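Below is one structure; the comments refer to it alone.
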Amino acid sequence: MRMEVSDLDSAGQFDFCVIGTGPAGITTAMSLAADGKRVALLEAGQEEYTEESQDHYKGTIVGDEYLDLEFTHLRYFGGTSNHWGGWCKTLDAIDFEGKKGFPDTEWPIRKTDLDPYLKQTAEILEVPLFKPDMPLANSGFKSTDFTFSPPVLFGEKYGDALKADPNIALVFDAALTAFDTNGAAITAAKIKDSQGAEYSVHADRYILATGGIENSRLLLWANAQSNDQIVKNTKSLGRYWMEHPALPVGDVLMTTEFANSVMQDGIAFISPSAEWISQNDALNCLLYLESMTYRGVKAMIADVMCVAPDFGRWAFQQVNKSLYCGTNFRCGVEQLPLEKNRIELSDELDSSGMPRTILYWTKGEAELQSFRKAARGLADYMAKADVGRVHLRPWVLSDGSYPKEYDDVPGHHMGGTRMSDNSNLGVVDRNCKVHGQENLYVAGSSVFTSGGYANPTFSIVQLALRLSDHLKSLS
Ligand SMILES: Cc1cc2nc3c(=O)[nH]c(=O)nc-3n(C[C@H](O)[C@H](O)[C@H](O)COP(=O)(O)OP(=O)(O)OC[C@H]3O[C@@H](n4cnc5c(N)ncnc54)[C@H](O)[C@@H]3O)c2cc1C
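Anchor point for the sequence shown: position 77 equals 76 in numbering that gives the first Met the number 0, and the numbering is continuous, going up by one each time.
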């Protein structure tokens, strides 16, 4: 049911208070309510987009070029699902393991902990189950399956059900600003509406699901107002923040036979095997080959004819036999979780009086080398197997730094409240509970210990379902 923000003070004790209505918050709230729990579901924004609400997401970026923060997440009902692309993929088993040569990359859980939620997540996101990976013979690479959500917009899809559910109190214009604590547990969530009026919500347990930047920002701000009594060990709070850097690495011409074996709807997804990653001291990554128009292919062949005659000759033969498929070749890599990539509070305040975000973010050497190794590795394989030729960009072949050209980052905000059994390395434990608090939990990609290359929302929903099951088991 809908509840007005002004009724919160008199609403009594809830079983759960879920803060945020994106994929993480709505999945958690609906799962708990289905078990008969009384849930307050709080949304800072309104039911529809407003510029006033979105303004709270403005912030500063220090480091590499990045999209303005207010364009990479949305502050209204349904959250950032209102403009997600719907690309779905699970994390690989290797993503949960410690990476050789890269410290602080191991999750305290494994892929098998999330696998039980595969089917339910696929139903929520309206995608088919993933087809098994298909190894490319003797290459170290495999063709891998992505699925595509319509995309499900969580507010639109679940709005009527949430409003009709007697166990849910759905409240708009209810922004969390702080927590009260007795030292061991949270005793109230402090809420402010857009007019500045303040309210309290009381619940047995609180789940923070405000997205991959706001989860850190809110805990940092809650700590600043409570002398670090919310996240008591602040060592990793806001830190180990990650994105999925992606860059064009070249162009590919391949035989139609090979194209038919790896491409679906004009795109192929290829990723390295666990063995290749380990042997090459690389990070996990995704290589994607996207069909070019006929005109694009001709222009590409003409371009490379003079700089790479072998490629040109091979391409020419294929074109003459009409046995070719031209693709743009892009690569997205996992980002190494590093303390220095972090969220901090600015001195500048938003209209509610909350400090705005400063995001410190740079891509590093490990990602650069992983781009290079993976792109060169696939190029070598295609030439040796004679299934295609790859024209790599000069920076991929050089030893220099990142190319000047800027590629959009995808808006995958991960880390900041990462999962670790060691409170020096993580904010939440394996059950997504904040270390040192009895009843405060975090949902969303901010808990990712490391990020793999997969788009995060499928894993976010799996984690939310797992968290809900854990919470149900406690009460
Ligand atoms: C352009 C773009 C395309 C994307 N495409 C894909 C894709 O194809 N595949 C994929 O997997 N992922 C994609 N993503 C990422 C995806 O949108 C996010 O992973 C997902 O929405 C995160 O879900 P969430 O519930 O954790 O956070 P959000 O969806 O951000 O929801 C957070 C909610 O919390 C609310 N909130 C914030 N502060 C407060 C507060 N103080 N009090 C109360 N409520 C608050 C917000 O209003 C919002 O409703 C894309 C992102 C962008 C920007």
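Ideal Cβ positions, reconstructed from N, Cα and C, are used throughout, including at glycine.
These numbers were taken from a predicted model, which means no experiment stands behind them.
Residues that DSSP places opposite leucine 344 in a beta bridge: Beta-bridge pairing links leucine 344 to Thr356.
Nearest neighbour of proline 131, chosen from Phe95, Val395, Val261 [CA to CA]: Nearest option by C-alpha distance: Val261.
Environment of alanine 196 [buried if 16+ CB atoms lie within 10 Å]: Under this definition alanine 196 is an exposed residue.
Pick from Gln228, Gln436, Leu470, Arg375 that is closest to proline 271, judged by C-alpha positions: The option with the nearest alpha carbon to proline 271 is Arg375.
Which of the three DSSP states, helix, strand or coil, is assigned to proline 22? In this structure, proline 22 counts as helix in the three-state DSSP scheme.
Counting only the same chain and skipping the five closest in sequence on each side, list residues whose C-beta sits under 8 Å from that of leucine 175. Taken in chain order, the residues that qualify are Ile18, Leu41, Ala43, Ala188, Lys189, Ile190, Leu207, Thr209, Leu217.
Which runs of the beta strand (DSSP E) fall wholly inside the stretch 206 to 246 and span at least 3 residues, in chain order? Every beta strand (DSSP E) of 3 residues or more that sits fully in the stretch 206 to 246 is shown, in chain order, as 238 to 241.
For the alpha helix (DSSP H) that contains valine 460, what are its first and last residues? Here the alpha helix (DSSP H) through valine 460 covers 456 to 473.
Return yes when the Cβ of threonine 143 is within less than 8 Å of the Cβ of phenylalanine 257, no when it is not. No, these two residues do not count as a Cβ contact at 8 Å.
Would you say the beta carbon of phenylalanine 457 comes nearer than 7 Å to a heavy atom of ligand 2? In the structure on display, ligand 2 does not appear, and the ligands it does have are ligand 1.
Residue range of the alpha helix (DSSP H) that includes glutamate 155: First-last of the alpha helix (DSSP H) with glutamate 155: 153 to 163.
Using 8 Å as the cut-off, can you tell me whether the stretch 351 to 364 makes contact with the stretch 59 to 66, which would need three or more C-beta pairs spanning the two stretches below that distance? By the Cβ criterion, the stretch 351 to 364 is in contact with the stretch 59 to 66, since at least three pairs of Cβ atoms, one from each stretch, lie closer than 8 Å.
Using a Cβ-Cβ cutoff of less than 6 Å, which residues in the same chain neighbour asparagine 81 once the five nearest sequence positions on both sides are dropped? Once the five neighbours on either side are set aside, the close Cβ partners of asparagine 81 are Leu73, Leu152.
Tell me, please, whether the stretch 243 to 259 touches the stretch 106 to 113 by the rule of three or more beta-carbon pairs shorter than 8 Å. For the pair of segments examined, the stretch 243 to 259 was found not to touch the stretch 106 to 113: the number of CB pairs separated by less than 8 Å stays below three.
Within this structure, are the beta carbons of tyrosine 498 and glutamine 45 separated by less than 8 Å? Here the chain comprises residues numbered 0 to 474, so residue 498 is not present and cannot be evaluated.
For the stretch 29 to 41 against the stretch 325 to 333, do three or more pairs of beta-carbon atoms, one drawn from each stretch, fall closer than 8 Å, so that the two count as touching? Touching, no.
Between alanine 173 and valine 4, is the Cβ-Cβ spacing less than 8 Å? It is a contact, given that the beta carbons lie within the stated cut-off.
Nonlocal neighbours in the same chain, by C-beta distance under 7 Å from aspartate 94, ignoring five residues either side: Around aspartate 94: Asn283, Ser449, Gly451.
Which residues in the same chain have their Cβ closer than 8 Å to the Cβ of aspartate 349, if we skip the five residues on either side of it in sequence? Only Asp54, His55, Lys57, Arg355 meet the Cβ criterion.
Restricting to Cα atoms, I'd like to know which of Ser467, Met353, Leu337 is closest to leucine 344. For leucine 344, the nearest C-alpha among the options comes from Met353.
Counting beta carbon pairs with one atom in the stretch 229 to 240 and one in the stretch 420 to 428, are three or more of them shorter than 8 Å? Yes, the stretch 420 to 428 touches the stretch 229 to 240.
Let me check you understand the geometry: is the CB of serine 80 closer than 7 Å to at least one non-hydrogen atom of ligand 1? Flag set: Cβ of serine 80 near ligand 1.
On the CB-based measure, 16 or more other CB atoms within 10 Å of its CB, does lysine 403 come out buried or exposed? Exposed.
Helix, strand or coil for valine 426 per DSSP? In this structure, valine 426 counts as coil in the three-state DSSP scheme.
Closest by CA to asparagine 222, which one among His412, Gly154, Ala177? Here the closest residue by C-alpha is Ala177.
How about tyrosine 157: is its Cβ closer than 7 Å to a heavy atom in ligand 1? Result no, Cβ not under 7 Å from ligand 1.
Ranges of the alpha helix (DSSP H) found wholly within the stretch 17 to 93, counting only runs of at least 4: With a minimum length of 4 residues, the continuous alpha helix (DSSP H) runs that stay inside the stretch 17 to 93 are 22 to 33, 50 to 53.
Is the beta carbon of glutamate 42 within less than 7 Å of some heavy atom of ligand 1? The answer is yes for glutamate 42.
Nearest-angstrom Cα distance between glutamate 289 and serine 9? Put simply, the backbone Cα of glutamate 289 is about 56 Å away from that of serine 9.
Which first and last residues belong to the alpha helix (DSSP H) in which tyrosine 380 is found? Looking at the DSSP string, the run of the alpha helix (DSSP H) that includes tyrosine 380 is 364 to 383.
Beta-carbon proximity list for arginine 341, same chain, < 7 Å, skipping 5 on both sides: The beta carbon of arginine 341 sits closer than 7 Å to those of Gly237, Arg238, Trp240, Tyr359, all from its chain and outside the five residues before and after it, given in chain order.
Do you know how far the Cα of glycine 11 is from the Cα of valine 200? Approximately 8 Å, taken between the alpha carbons.
Residues bridged to valine 441 [DSSP beta-bridge criterion]: Looking at the DSSP assignment, valine 441 forms a beta bridge with Leu207.
Given the structure, does cysteine 330 come close to ligand 1, in the sense that its CB is under 7 Å from one of the ligand's heavy atoms? Cysteine 330 Cβ: outside cutoff for every heavy atom of ligand 1.
For glutamate 289, the residue or residues it bridges with in DSSP: For glutamate 289, DSSP records a beta bridge to Ile266, Asn327.
Residues bridged to proline 271 [DSSP beta-bridge criterion]: Bridge partners of proline 271: Phe140.
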